[in-house]
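Okay, structure first, notes after.
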Amino acid sequence: VIVISDITDMRKLESIRRDFIANISHELRTPIASIKALSETLSEGAINDPKASTKFVKLVVDEADRLVKMVDELNELARIESGEFTADKYATDIDQLITKCVDRLTPQASRKGIKIDTSIEKGLPRPVVDQSRIEQVLLNLMHNAIKFSKPGDRIKVNARQKGGDIEVSVKDNGIGIPQDELSRIFE
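Numbered by my numbering, the letters in the sequence shown go through residues -9 to 177 in order.
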């Protein structure tokens, strides 16, 4: 008896998982290295300078928050893969949601010398969506726009009705995604 199975999809998923783990490992190293360097600087005497120590402690907290966010995202991914994830959908005011995200990231953008502009069409319907997931997507897009933009750049967040849908876009002048990586964007 011979059994022949096409394992192409399985191999592709294994490759994606390996790439994902490598990316997560890289992403985790950055805040860990930052926390280590900041802690070492504090222990070498910066703790005695109130202005510097306050700044460094805030940076340590920010990096720790980044780590917590990554761990939360990994847990969420595990729930999605196991089928335990459920969406909490209800009518959502897109204008308020965008304003909340912009308000949250404006200080970070300002520190980098970047301005965030919004253009939200009046009278948009209230779509039934999982607000926290849409907020997470918007924050990720806006955070990336800030991260990859230069001082003096402008980020534009737009919302408009397009047919029966609501289109929300985040536009920036950052480096963009390399052409050969675009096909992998939703992996």
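In this text, a Cβ means the ideal position worked out from N, Cα and C, and glycines have one as well. In this text the structure is predicted, and so the values were computed from the model without any measurement.
Assuming the contact rule is C-beta atoms closer than 8 Å, Ile156 and Ile145 should be a hit. Round their C-beta distance to whole Å, please.
In fact, because the Cβ distance is near 19 Å, the residues do not count as touching under 8 Å.
For Asp120 and Lys79, I'd like the C-alpha separation in whole angstroms.
4 Å
Report the residue from Val58, Arg1, Pro115, Leu131 whose alpha carbon sits nearest the alpha carbon of Gly154.
Pro115
Using a Cβ distance threshold of 8 Å, determine whether the region 33 to 53 contacts the region 72 to 90, with at least three qualifying pairs required.
no
So, with DSSP's three-state summary, where would you put Ala81?
strand
So Ala149 and Ile84 are supposed to be a Cβ contact under 8 Å. How far apart are they, rounded?
5 Å
Give me whichever residues DSSP pairs with Asn190 in a beta bridge.
An answer regarding residue 190 cannot be provided, because it is not within the stretch -9 to 177 covered by the chain.
Put Val118 into one of helix, strand or coil per three-state DSSP.
strand
Report the rounded CA-to-CA distance for Ile(-8) versus Ala12, giving the unit in angstroms.
36 Å
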